[in-house]
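Colleague:
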Ligand code: GDP
């Protein structure tokens with residue numbers, strides 16, 4: 001499919017950087033770039049519109065506004081001729097200085113020359129519609145850009161290269177073969193071999209079901225790899241929550257002071273532990289307070305506790321625990337938690353035995369010192385063990401995206417339903433409905449059978465310029 005419009009957008013991040021890129025895609029890309037490009041070291045406006053771009057070669061020159069003859073910036077420009085480009089259309093890229101002013105001015109000039117502003121993900125959407133990548137690969141492009149951990153990154157690279165698509169297509173092809181068999185048998189029904197047909201159908205479906213089960217088994221880990229997990233750091237004021245968070249982040253972003261109650265609000269940070277992303281929230285210290293600002297923080301702390309996947313309950317291990325610690329133990333008893341006995345460097349006043357006598361719930365305990373760094377690697381290890389504890393670990397989880405997990409789960413259900421129908425000796429046309437449903441659901445992953453609404457919803461989550 002060819003689009004009539006030419007789109008343009010700033011493809012690099014907003015801010016100040018060495019270079020920035022403006023990207024054009026569509027039939028007029030080259031013409032628009034030619035109208036504003038002056039080749040060579042000294043811009044000669046009489047040369048505007050005359051330069052002949054050689055595809056896939058970088059050309060040095062200046063971007064000039066033809067209406068005012070004003071030079072907007074120095075630039076390196078490249079033309080990628082269709083279909084050998086990211087979108088499969090004629091594409092151009094203008095590399096100028098990476099500040100907001102040159103980028104905005106040049107983009108606005110491109111728009112005046114006839115380009116339309118690209119919507120979110122429109123370049124990748126065009127690439128998808130032109131068959132340069134499938135829907136699962138397109139989604140992985142976005143995962144690749146937003147990956148915050150080693151495992152998330154590795155998995156996104158492999159999906160952009162087609163690992164998931166390939167596996168889904170293989171099972172979809174198997175289902176297609178089965179559907180063809182069913183149709184042939186429906187068209188030429190032979191009463192005598194009906195039972196045999198059903199038996200063969202059941203046997204053919206089995207490996208597909210096993211493959212989908214295998215993919216689903218790794219999906220818990222896959223989802224964590226892509227999205228990471230959220231960890232709330234809770235504890236009384238002054239036990240070392242901020243220090244611990246900073247030690248875990250290896251940076252100094254939250255303010256550490258010896259006055260109780262200074263972390264007034266929750267602070268969220270992203271870190272990578274054991275190759276996966278963790279979203280850490282430092283809570284305000286849940287204690288009753290007359291201070292309104294602090295109370296707000298406390299409310300948020302409670303909400304952070306309730307919504308997080310795991311809680312690190314920090315206690316000052318060098319002092320004996322009190323009522324407040326016990327309250328916090330009760331409050332977090334239902335959570336997946338690790339009790340961190342901090343300030344190990346000052347000596348330990350109590351240990352897990354005393355805590356076990358006090359409180360219900362999981363008493364996984366780690367001793368550490370946020371100040372000296374001692375025990376922090378044990379804490380990372382304990383976090384990792386807890387994350388993976390309830391999961392089936394697979395060699396190479398391919399399902400990381402919730403949309404894909406849901407589709408595979410529903411396809412698996414349809415095939416389970418088909419098997420149940422076979423067991424009941426139902427007619428082939430009834431069984432065919434479930435097999436076809438599974439076939440279509442798998443097609444939604446790669447986009448082979450996705451509706452326009454689904455495709456639009458996927459690309460709406462993209463960033464501008466991609
Ligand atoms: P928060 O209120 O729980 O966030 O506690 P902070 O992180 O602000 O720490 C309170 C005080 O305890 C600060 O003076 C820190 O320097 C100190 N502190 C934190 N962790 C340790 C530790 O492991 N050992 C020692 N000796 N002091 C610590």
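Residue numbers (my numbering): 1 to 466.
Every residue, glycine too, gets a C-beta built ideally from N, C-alpha and C.
Bear in mind the structure is a predicted one, so any value in this text is a computation, not a measurement.
For residue 419, name the three-state secondary structure that DSSP assigns.
Modeller: The answer is helix: DSSP assigns residue 419 an H, G or I state.
Colleague: Comparing C-alpha positions only, which one of 86, 440, 419 sits nearest to residue 209?
Modeller: Comparing Cα-Cα distances from residue 209 to each of 86, 440, 419, the minimum goes to 419.
Colleague: Taking DSSP as the reference, what is the three-state secondary structure of residue 364?
Modeller: Coil at residue 364, not helix or strand.
Colleague: Just checking residue 238 against ligand 1 - is the residue's beta carbon closer than 7 Å to any of the ligand's heavy atoms?
Modeller: The answer is yes for residue 238.
Colleague: Let's see if you can read the secondary structure: which residues bound the alpha helix (DSSP H) around residue 245?
Modeller: Taken as a continuous stretch (DSSP letters only), the alpha helix (DSSP H) holding residue 245 covers 241-249.
Colleague: Counting beta carbon pairs with one atom in the segment 146-158 and one in the segment 222-237, are three or more of them shorter than 8 Å?
Modeller: Counting Cβ pairs under 8 Å, three or more are found: they touch.
Colleague: Using DSSP's beta-bridge definition, name the partner residues of residue 168.
Modeller: In DSSP, residue 168 forms no bridge with anything.
Colleague: Hey, would you say the C-beta of residue 346 is under 7 Å away from at least one heavy atom of ligand 1?
Modeller: Result yes, Cβ under 7 Å from ligand 1.
Colleague: Tell me, which residues are paired with residue 315 by DSSP?
Modeller: Paired residue(s): 341.
Colleague: Can you round the beta-carbon distance between residue 88 and residue 56 to whole angstroms, since I take them to be within the 8 Å contact cut?
Modeller: Their Cβ separation, rounded to whole angstroms, is 15 Å, which puts residue 88 and residue 56 out of contact at 8 Å.
Colleague: Does the segment 53-73 touch the segment 96-113, meaning 3 or more C-beta pairs lie closer than 8 Å?
Modeller: A contact exists between the segment 96-113 and the segment 53-73.
Colleague: May I have the straight-line CA-CA distance separating residue 66 from residue 4, to the nearest angstrom?
Modeller: For residue 66 and residue 4, the distance between alpha carbons rounds to 24 Å.
Colleague: What is the C-beta distance between residue 337 and residue 311, in whole angstroms, given that I count them as a contact (C-beta under 8 Å)?
Modeller: The pair is a contact, with the Cβ atoms about 4 Å apart (cut-off 8 Å).
Colleague: Please confirm whether any heavy atom of ligand 1 lies closer than 7 Å to the CB of residue 371.
Modeller: Within the cutoff, so yes.
Colleague: Can you find the residues in the same chain that come closer than 7 Å, C-beta to C-beta, to residue 156, ignoring five residues on each side of it along the sequence?
Modeller: Cβ neighbours of residue 156 beyond the five flanking positions: 140, 143, 144, 147.
Colleague: Since residue 64 sits in a beta bridge, which residues does DSSP pair it with?
Modeller: Answer is 71.
Colleague: What is the DSSP secondary structure of residue 282, reduced to helix, strand or coil?
Modeller: Residue state, collapsed to three classes: strand.
Colleague: Quick check on residue 197: does DSSP put it in helix, strand or coil?
Modeller: If DSSP states are grouped into helix, strand and coil, residue 197 belongs with the helices.
Colleague: Does residue 430 pass the burial test, meaning 16 or more other C-beta atoms within 10 Å, or should it be called exposed?
Modeller: With fewer than 16 Cβ atoms within 10 Å of its Cβ, residue 430 is classed as exposed.
Colleague: Please work out which residues of its chain come closer than 6 Å, Cβ to Cβ, to residue 10, disregarding the five sequence neighbours upstream and downstream, and give them in chain order.
Modeller: Cβ within range, chain order: 22, 103, 107, 465.
Colleague: What residue does the alpha helix (DSSP H) around residue 160 start on, and which one ends it?
Modeller: Unbroken alpha helix (DSSP H) run through residue 160: 150-160.
Colleague: So what's residue 426 in DSSP terms, helix, strand or just coil?
Modeller: Coil.
Colleague: When the Cα of residue 246 is compared with those of 327, 373, 330, which residue comes out closest?
Modeller: Cα-wise, what sits closest to residue 246 is 373.
Colleague: Exposed or buried, which one is residue 172 when buried takes at least 16 other CB atoms within 10 Å?
Modeller: Label assigned to residue 172: buried.
Colleague: Would you report the Cα separation of residue 456 and residue 134, rounded to the nearest angstrom?
Modeller: The straight-line gap from Cα to Cα measures roughly 14 Å.
Colleague: Here's the rule I'm using: 16 or more other beta-carbon atoms within 10 Å means buried, otherwise exposed. How should residue 326 be labelled?
Modeller: Exposed, because fewer than 16 other Cβ atoms sit within 10 Å of the Cβ of residue 326.
Colleague: Going by the beta-carbon positions, is the gap between residue 115 and residue 48 smaller than 8 Å?
Modeller: Their beta carbons are not under 8 Å apart, which means residue 115 does not touch residue 48 by this criterion.
Colleague: Can you give the Cα-Cα distance for residue 331 and residue 344, rounded to whole angstroms?
Modeller: So the alpha carbons of these two residues sit roughly 24 Å apart.
Colleague: Excluding the 5 residues flanking residue 253 on each side, which residues of the same chain have their C-beta closer than 6 Å to its C-beta?
Modeller: Because the pLDDT of residue 253 is 43, which lies under 50, any placement of that residue in the model is unreliable, and the number read from its coordinates should be weighed accordingly. Counting only Cβ-Cβ distances below 6 Å, and skipping sequence neighbours, we find nothing.
Colleague: Just mark residue 434 as buried or exposed, buried being the case when its beta carbon has 16 or more other beta carbons within 10 Å.
Modeller: Its Cβ being crowded by 16 or more others within 10 Å, residue 434 is buried.
Colleague: By Cβ distance, which residues of its chain are closer than 8 Å to residue 366, with the 5 residues on each side in sequence left out?
Modeller: Result list for residue 366: 338, 339, 340, 341, 375, 378, 379, 382, in chain order.
Colleague: Mark residue 277 as exposed unless 16 or more other C-beta atoms lie within 10 angstroms of its C-beta, in which case mark it buried.
Modeller: Counting Cβ neighbours within 10 Å, residue 277 comes out buried, since at least 16 surround it.
Colleague: Taking 7 Å as the cut-off, is the CB of residue 375 close to at least one heavy atom of ligand 1?
Modeller: It does not: the Cβ of residue 375 is nowhere closer than 7 Å to a heavy atom of ligand 1.
Colleague: For the beta strand (DSSP E) containing residue 234, list its first residue and its last residue.
Modeller: Element bounds for residue 234: 229-235.
Colleague: Relative to the C-alpha of residue 234, which candidate in 316, 54, 60, 125 has its C-alpha closest?
Modeller: The residue with the shortest Cα to Cα distance from residue 234 is 316.
Colleague: Given 7 Å as the limit, tell me if residue 380 has its C-beta closer than that to any heavy atom belonging to ligand 1.
Modeller: Not under cutoff, so the answer is no.
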